[in-house]
Amino acid sequence: MQNKIAVFDSGVGGLVLLKRVQKLLPYHDFLYFADNLNVPYGNKTQKEIESIVSCNMQKILSFKPQGVFLACNTATSLCMADLQTKYPSIIIDGILPDVANLPKPCIVFCTKATADSKKIIGADKDTFVFPLESCADMIEKGCSDVQLKTYLEKVFSGFNLFGFKSIFLGCTHYVHKKQVFESFGLPVFDNVGKVVQSFANKIKMNGLNKKTKMKGKVSFFLSDNKEEEYLKYLDFYTKL
Numbered sequence: 001m002q003n004k005i006a007v008f009d010s011g012v013g014g015l016v017l018l019k020r021v022q023k024l025l026p027y028h029d030f031l032y033f034a035d036n037l038n039v040p041y042g043n044k045t046q047k048e049i050e051s052i053v054s055c056n057m058q059k060i061l062s063f064k065p066q067g068v069f070l071a072c073n074t075a076t077s078l079c080m081a082d083l084q085t086k087y088p089s090i091i092i093d094g095i096l097p098d099v100a101n102l103p104k105p106c107i108v109f110c111t112k113a114t115a116d117s118k119k120i121i122g123a124d125k126d127t128f129v130f131p132l133e134s135c136a137d138m139i140e141k142g143c144s145d146v147q148l149k150t151y152l153e154k155v156f157s158g159f160n161l162f163g164f165k166s167i168f169l170g171c172t173h174y175v176h177k178k179q180v181f182e183s184f185g186l187p188v189f190d191n192v193g194k195v196v197q198s199f200a201n202k203i204k205m206n207g208l209n210k211k212t213k214m215k216g217k218v219s220f221f222l223s224d225n226k227e228e229e230y231l232k233y234l235d236f237y238t239k240l
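Under my numbering, think of the first position of the sequence shown as 1, with each following residue one higher.
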């Protein structure tokens, strides 16, 4: 695979970004690297996450990618700055929650690790951060809309969502189930499109845009590479 770009996540969440960036860079080959042995990252300690991501970055770099996109809010929040310093010759980008232009007061749903990092762009006194400790794992395991809504209803019981003007999804896993969050009656936002466009622009600006007009391919690398896992990921991918 030439002109390859790596998209890295702990699980299926980053597939949303993979599909979007493929549309912007259609002639590039892509490697989707999922650390599904360690999913979800969001309930681990900062030290654990940094160690896991560092190890996986070494594996990703063995494929000699031109760019690496951290399609995981947790990994981006805790690890991206250090990775960019350590590997300055490679384009490394990621996704951070961004509520700068949202109607406020707003509520940010994310993992515990992302919440603890406090790296939410545009956060202020009208931003409420609400970690959902089981949500990413449920989505990774293929929960139904009904199952997820039942879980969220229990989490939100006694909590007045209608005190807010908007919801922001601060975990890429959650974007797979955006419709479930929308069913609670508030406008729901994510910044997948914005960060993917920014990453694609960086690839082009650095002269890495592929010149040939042969459509690129995508390959998958899973840390838990059992056949049923590959089939699950392909199912998520093809349904996007």
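Glycine included, each C-beta is placed from N, C-alpha and C at the ideal position.
Fair warning: this is a prediction, and the values are worked out from it, not measured in the lab.
- Query: CA-CA distance, Asn43 and Pro26?
  - Reply: 35 angstroms
Buried or exposed (CB count within 10 angstroms, at least 16 for buried), Thr150: exposed
Thinking just about the alpha-carbon of each residue, which of Ser144, Val129, Val180 and Gly142 is nearest to the one in Phe164? Val129
ask   = Contact check, Cys171 vs Ala136 under 8 angstroms by CB: the rounded distance?
value = 6 angstroms
Looking at the secondary structure, which residues open and close the beta strand (DSSP E) in which Cys106 lies?
Cys106 to Cys110
Legend entry - Stretch pair the stretch 120-129 + the stretch 139-147: three plus CB contacts closer than 8 angstroms: no
Between Phe159 and Leu152, what straight-line distance do the alpha-carbon atoms span, to the nearest angstrom?
-> 11 angstroms
Item checked: Enclosing alpha helix (DSSP H) for Thr212 [first to last residue] -> From DSSP, Thr212 is part of no alpha helix (DSSP H); its letter is neither H nor E.
- Query: Val218 to Leu31, Cα distance in whole Å?
  - Reply: Near 6 angstroms, if we compare the C-alpha coordinates of Leu31 and Val218.
message: Which residue marks the beginning of the beta strand (DSSP E) containing Tyr41, and which one marks its end?
response: Segment: none, Tyr41 is in no beta strand (DSSP E) and carries neither H nor E.
| request: Please state whether DSSP places Asp190 in a helix, a strand or coil. | output: Asp190: coil per DSSP, three-state reduction.
| task | Work out the CA separation of Lys213 and Leu132 for me, nearest whole Å. | result | 43 angstroms
- Beta-carbon spacing of Thr114, Pro97 below 9 angstroms: yes
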